[in-house]
Amino acid sequence: MTIRFDMQLADTLACVKHYLKSDKGARKAMLWYRVLVPLIWAILLIPDVAQGRMNVAIVVVGVVTSAVWWFAAPALYLRLVLRQAKKAYGKPENEKLFGNVEMTLDESEVRVKKSDREAVSLWSNISKAAKNADYIFLHLSNVSMIAIPRRDLSEQEWRDVEEIVKKQVPDFQVAEN
22 MTIRFDMQLA DTLACVKHYL KSDKGARKAM LWYRVLVPLI WAILLIPDVA
72 QGRMNVAIVV VGVVTSAVWW FAAPALYLRL VLRQAKKAYG KPENEKLFGN
122 VEMTLDESEV RVKKSDREAV SLWSNISKAA KNADYIFLHL SNVSMIAIPR
172 RDLSEQEWRD VEEIVKKQVP DFQVAEN
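In this note's numbering, each number is its position in the sequence shown, counted from 1, plus 21.
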């Protein structure tokens, strides 16, 4: 089966969001990002607490800052990573990553053609796949994936692609949007 779609910045950003939610290493990095500010405050306060000199105002500022950071950090982290992806989108060396894509899904492999480039991946090399309402994500490696956008496919093509992927990739998940 051959499908055609237009790879856009929104597709790259969807891949980034999906990666941050689904990858164990990315979730671990997010946890460290969340823990960093409370940990720094704890380290700063330990000497005073150990010596019995606790400044209540500093403790309150530390606790409030840590609590706000704990809840705000995921959104800030996502915004930081998406900003980096948007910067990469505008670089001339990345122009070939976007635009018209022709993807062929057959019994043994996935073939992706873009302008003057072609990439082939065996189904056995695709570690997992996931879908949400707007995309099917094929995880080509721990840090590489392709998003197949629903917007450029007919309903029948979308169902056919989903069935092929389900058949070929044992770890097929339904992801959050």
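All C-beta atoms, glycine included, are put in the ideal place defined by N, C-alpha and C.
From a predicted model like this one, the values you see are computed outputs, not experimental measurements.
Exercise. Based on Cα-Cα distance, which residue from K134, P191, V122 and F119 lies nearest to W144?
Worked result: P191
Exercise. Where Q194 and Y110 are concerned, what is the direct C-alpha to C-alpha distance, given to the nearest angstrom?
Worked result: About 28 Å.
Problem set entry | Terminal residues of the alpha helix (DSSP H) in which R132 lies | From DSSP, R132 is part of no alpha helix (DSSP H) but of the beta strand (DSSP E) over E130 to K135.
For this session: Rank Y156, T23 and L101 by C-alpha distance to the C-alpha of Y54 and give the top, closest one.
Result: L101
Exercise. Rounded to a whole number of angstroms, what is the C-alpha to C-alpha distance between K135 and L118?
Worked result: 8 Å
For this session: Please report the residue range of the alpha helix (DSSP H) in which F92 lies.
Result: V77 to Y110
For this session: Kindly indicate which three-state DSSP category M22 falls into: helix, strand or coil?
Result: Coil at M22, not helix or strand.
Exercise. Which class does S145 belong to by DSSP, given the choice of helix, strand or coil?
Worked result: Three-state DSSP puts S145 in a helix.
Problem set entry | Candidates M51, K188 and Q29: closest to P95 by CA position | M51
Exercise. Any idea if V77 is buried or exposed, counting beta-carbon neighbours within 10 angstroms, 16 or more meaning buried?
Worked result: exposed
Exercise. Does the beta-carbon distance from I157 to E183 come in below 8 Å?
Worked result: yes
For this session: Select from Y98, H39 and I185 the residue whose C-alpha is nearest the C-alpha of E130.
Result: I185
Exercise. In its own chain, which residues sit with a C-beta less than 6 Å from the C-beta of A140, not counting the 5 before and 5 after it?
Worked result: V133
For this session: Return the chain-ordered list of same chain residues with a C-beta closer than 7 Å to the C-beta of K187, the five sequence neighbours on each side being excluded.
Result: Non-local beta-carbon contacts of K187 in its own chain, meaning distances under 7 Å to residues more than five positions away in sequence, involve F193 in chain order.
Problem set entry | Contained alpha helix (DSSP H) runs [length at least 4] in the stretch 41 to 81, N- to C-terminal order | 45 to 71
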